[in-house]
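Q: Just passing along the structure, written as structure tokens.
So this is what it looks like as structure tokens:
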């Protein structure tokens with residue numbers, strides 16, 4: 673069964689790599705999770721050939737998603753977001769940043785605006801202290817459940833800059 677899972681996983685990785693290469697210039701401004709969410713909403717599947725793939729997005733009941741937009745912050749961009757059913761949470765022209773709650777199906781339209789460099793799901797602060805903090809932060813438990821694997825036999829190198837906080841762990 674391990675070889676079967678490995679083969680399926682490698683096939684899905686190839687499908688995802690091919691999908692990424694086929695993206696339009698506008699889609700290249702979007703985080704993959706947003707692209708997959710839009711496709712799933714429109715077509716019922718995030719990526720053909722990878723049917724188990726589920727976008728990791730938190731949508732409101734009305735289908736909106738909180739996003740971070742890196743862009744030239746202009747009145748036109750903020751107006752577009754509002755006209756499309758979005759709500760600007762905050763914007764900082766000095767830093768080229770907008771946080772907005774937007775309908776998922778409008779992210780490509782917003783990304784098409786000149787001056788928009790990227791749109792990603794909104795960053796969330798997380799803290800996990802204790803013996804499993806890295807496992808929780810990297811969502812390893814979700815990976816094990818989703819792919820039915822435990823990582824046995826795989827070597828991983830980790831770089832960390834939190835030595836100053838080791839006494840908190």
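In the numbering used here, the protein residues as written are 673 to 841. All residues carry an ideal CB built from backbone N, CA and C; glycine is no exception.
Per DSSP, what kind of secondary structure is residue 724 in: helix, strand or coil?
A: Note: residue 724 maps to coil in three-state DSSP.
Q: Using 10 angstroms around the beta-carbon of residue 758, count the other beta-carbons present and answer buried if the total reaches 16, otherwise exposed.
A: Its Cβ being crowded by 16 or more others within 10 Å, residue 758 is buried.
Q: Taking residue 793 and residue 731 to be in contact with their CB atoms under 8 Å, please state how far apart those CB atoms are, rounded to whole angstroms.
A: Not really, about 10 Å apart at Cβ, beyond 8 Å.
Q: Give the single residue among 790, 781 and 780 whose Cα lies nearest to the Cα of residue 740.
A: When each option's Cα is compared against that of residue 740, the closest is 790.
Q: Determine, using beta-carbon pairs with one atom in the stretch 746-755 and one in the stretch 704-718, whether at least three such pairs fall under 8 Å.
A: No, the stretch 746-755 does not touch the stretch 704-718.
Q: For a test of the three-state rule: what should DSSP assign to residue 694, helix, strand or coil?
A: Note: residue 694 maps to coil in three-state DSSP.
Q: Compute the minimum distance between the beta carbon of residue 715 and the heavy atoms of the ligand SAM, and state whether it is under 6 Å.
A: Annotation note on the ligand SAM: not contained in the displayed structure, which lists no ligands.
Q: Considering only residues of the same chain and omitting the five flanking positions on each side of residue 822, which have a CB-CB separation below 8 Å?
A: Once the five neighbours on either side are set aside, the close Cβ partners of residue 822 are 816.
Q: Is residue 710 helix, strand or coil when you go by DSSP?
A: Helix.
Q: Rounded to the nearest angstrom, how far is the Cβ of residue 745 from that of residue 774, given a contact under 8 Å?
A: Actually they do not touch by this definition, with Cβ atoms about 15 Å apart.
Q: Please report the distance separating the alpha-carbon of residue 703 from that of residue 820.
A: C-alpha separation (whole angstroms): 26 Å.
Q: Out of 778, 696 and 743, point me to the one whose CA is closest to residue 764's CA.
A: Comparing Cα-Cα distances from residue 764 to each of 778, 696 and 743, the minimum goes to 743.
Q: For residue 740, list the residues DSSP reports as bridge partners.
A: DSSP output for residue 740 lists 771 and 792 as bridge partner(s).
Q: Where does residue 779 sit, in a helix, a strand or coil, going by DSSP?
A: If DSSP states are grouped into helix, strand and coil, residue 779 belongs with the helices.
Q: When burial is assigned at 16 or more other CB atoms within 10 Å of the CB, is residue 691 buried or exposed?
A: Buried is the call here.
Q: Skipping 5 residues on each side, what residues in its chain have a beta carbon closer than 8 Å to that of residue 654?
A: An answer regarding residue 654 cannot be provided, because it is not within the stretch 673 to 841 covered by the chain.
Q: Can you tell me which of 813, 787, 780 and 809 puts its alpha carbon nearest to the alpha carbon of residue 698?
A: Nearest C-alpha to residue 698: 780.
Q: Does residue 704 come out as helix, strand or coil in the three-state DSSP assignment?
A: In the structure shown, residue 704 sits in a helix (DSSP, three-state: H, G or I).
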